[in-house]
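K.L.:
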Amino acid sequence: RIVYVNGEYLPEEEAKISVFDRGFLMADGVYEVTSVLEGRLVDFAGHMARLKRSLAELDMAMPVTDAELEAIHRRMVADNGIEEGLVYMQITRGAADRDFAYPEGATPSLVLFTQKKALIDSAAAKAGLRVATLPDLRWKRRDIKTVQLLAPSMAKMAAKAQGKDDAWMVDEDGFVTEGSSNNAYIVTKAGTIVTRHLSNDILHGITRKAVLSFAREAQMKVEERPFTVAEAQDAAEAFITSASSFVTPVVEIDGTALGDGAPGPVARRLREIYVAESR
Ligand code: PDD
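For the sequence shown, the UniProt record's numbering assigns the number 3 to the initial residue and increments by one for each residue that follows.
1. For Pro-110, count neighbouring Cβ atoms within 10 angstroms of its own Cβ and tell me buried if that reaches 16, exposed if not.
2. With contact counted as at least three CB pairs below 8 Å, one residue from each stretch, are the region 144-163 and the region 263-278 in contact?
3. If distances are taken between C-alpha atoms only, which option among Ala-160, Ala-212, Gly-130, Ala-217 comes closest to Val-253?
4. Which class does Ser-244 belong to by DSSP, given the choice of helix, strand or coil?
5. Given that a residue counts as buried once 16 or more other Cβ atoms are within 10 Å of its Cβ, and exposed if not, what is Ala-192?
6. Looking at the structure shown, is Ser-111 part of a helix, part of a strand, or coil, going by DSSP?
7. Put Arg-227 into one of helix, strand or coil per three-state DSSP.
8. Report yes if the C-beta distance between Ile-188 and Ala-245 is below 8 Å; otherwise report no.
9. Quick one, which of Glu-225, Gly-257, Ala-238, Ala-220 has its alpha-carbon nearest Glu-274's?
10. Buried or exposed: where does Asp-123 fall if 16 or more other Cβ atoms within 10 Å of its Cβ makes it buried?
11. Less than 8 Å between C-beta atoms, sequence neighbours within five positions excluded: which residues of the same chain meet that for Ala-259?
12. Looking only at DSSP bridge pairs, what is Gln-117 linked to?
13. Buried or exposed for Lys-147, please, with buried defined as at least 16 other CB atoms from any protein chain shown within 10 angstroms of its CB.
14. Please classify Asp-102 as buried or exposed, where buried requires at least 16 other C-beta atoms within 10 Å of its C-beta.
15. State the Cα-Cα distance for the pair Ala-169 and Phe-115, rounded to the nearest angstrom.
16. Contact check, Met-78 vs Val-66 under 8 Å by CB: the rounded distance?
17. Ser-37 lies in the beta strand (DSSP E); which residues open and close that run?
Below, the structure written as structure tokens:
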């Protein structure tokens with residue numbers, strides 16, 4: 003595999019990052035994951051817009067121009083022969099003597115790698131996911147896409163220990179925030195799609211934005227508001243969205259099957275629309 007590190011395209015074994023990089027020492031960095039279908043980046047402009055917002059919130063600058071960053075993404079897709087899969091991109095504040103204050107004049111680190119992955123023909127999309135709910139232990143700026151991912155990683159491990167596929171994280175008031183690495187939705191028995199509104203409590207998903215606009219175009223009813231675990235367990239169906247899962251049905255929440263326990267029609271239809279519009 004070829005990876006990109008600070009201006010160089012290298013075999014992964016030869017790539018190096020400083021021990022003093024603040025991404026490594028302090029999770030002082032942000033990232034984006036963009037999906038690739040038929041060799042093309044999906045919604046790259048959306049990912050760039052969110053990246054700039056994340057950087058601005060942390061007083062970090064873009065290390066390269068927009069055009070350069072897009073060219074780097076494209077070359078990574080080409081050099082690694084990615085027809086279907088993901089491009090991971092990370093920007094950290096760079097290397098500096100360890101200090102809680104941001105260092106002055108540090109050079110940001112820019113790293114990219116790719117992953118081949120069958121996104122369209124996915125077993126999870128066919129069978130649906132079983133999720134467990136867990137307390138959301140993350141910080142209060144979940145709208146910034148930082149590389150500090152230990153809390154969702156712990157939640158996912160706890161869900162797996164229960165034999166489940168993923169975790170839905172729940173805030174102090176009992177409302178679902180999002181999945182470990184995806185946005186969470188339910189479909190009420192009346193057919194309304196419900197997903198938490200945008201705020202600092204959740205990541206503003208790029209797939210979420212596209213899927214909600216497709217849903218509204220298809221005359222589906224959408225409500226952006228918090229929902230509880232009990233409301234979710236009583237829903238007709240549920241699903242998640244992300245760059246790596248597109249739209250994937252959820253068929254069980256904390257052991258309670260939704261509907262007939264099979265992927266629901268709204269989730270299946272939105273997945274079809276999303277894939278058709280993205281390729
Ligand atoms: N995760 N919420 C969280 C906490 C996420 O980490 C992600 C993405 C999403 C969905 O965002 P988008 O639709 O822009 O992918 C929501 C990526 C895929 C990851 O960490 O691998």
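Every residue gets a Cβ at the ideal spot worked out from N, C-alpha and C, and that includes glycine.
P.N.:
Answer, in terms of the structure:
1. buried
2. no
3. Gly-130
4. Residue state, collapsed to three classes: strand.
5. Exposed, by the Cβ-count rule.
6. strand
7. coil
8. no
9. Ala-220
10. exposed
11. Val-253
12. Paired residues: Leu-88.
13. buried
14. The identity of residue 102 in the sequence shown is Phe, whereas the question assumes Asp. Exposed, by the Cβ-count rule.
15. 26 Å
16. The Cβ separation is near 13 Å, so there is no contact.
17. Its beta strand (DSSP E) spans residues 31-39.
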